[in-house]
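Engineer: Before I ask anything, let me first share the structure, which is written out below as structure tokens.
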């Protein structure tokens, strides 16, 4: 996603050009889905949240401050929609258990062991409390200051949550065997730094 291109699309939307929103959607959909999927455990619910993100974007694009990064603003919409989803999720009555396992189709060839490690990592990220999970996911997209602004918390709180989340994940991966081989600390770091 290039900021200039996204800002140009927003200007076209303000000029009521019909195709601009569609183009903006196609430019941002993978990033938005990936982020939502990391924050929402059920893939079906993730699709609903992504839909709500784009409804919110459509309703509020005129409020975007062009002095700020569009990506931060969009990630703010994602966080607000995920929070809204969490607030209302407890009211939902479900007849069937949530789907337990979902394997996203690989968009590119990757080593089987690395793929398995990523799946284990994603599963562990899903077990983190929501506040820690948000910080871990957002850390892939922005700096600590940007995360603090998105979540409306001090930078120190973001640092603390990030450290706590990494510590919890590290404890699990230092003890967890993957394919009979213990993940060493340097391997953990490489898996942690790999983008989802």
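Residue numbers (full-length UniProt numbering): 1 to 196.
C-beta: ideal position from N, C-alpha, C; glycine also.
1. What is the residue span of the alpha helix (DSSP H) that residue 60 lies within?
2. Can you name, in chain order, every residue of its own chain whose Cβ lies under 7 Å from the Cβ of residue 21, other than the five neighbours on each side?
3. Look at the alpha carbon of residue 48 and the alpha carbon of residue 11, and state the distance between them as a whole number of angstroms.
4. The ligand SAH and residue 78: does any heavy atom of the ligand fall closer than 7 Å to the residue's C-beta?
5. Where does residue 20 sit, in a helix, a strand or coil, going by DSSP?
6. Measure the C-alpha to C-alpha separation of residue 33 and residue 78 and round it to an integer number of angstroms.
7. Kindly give me the distance between the Cβ atoms of residue 9 and residue 23, rounded to whole angstroms, as I take these residues to be in contact under 8 Å.
8. If you drop the 5 nearest sequence neighbours on each side, which residues of the same chain put their C-beta closer than 7 Å to that of residue 143?
9. Under 8 Å, do residue 158 and residue 148 count as touching if we go by C-beta distance?
Structural biologist: So, to answer that:
1. 43-60
2. 13 and 58
3. Those two C-alpha atoms are separated by around 27 Å.
4. The model depicted lacks the ligand SAH and carries no ligand whatsoever.
5. helix
6. 9 Å
7. The pair is a contact, with the Cβ atoms about 6 Å apart (cut-off 8 Å).
8. So no residue of the chain qualifies.
9. yes
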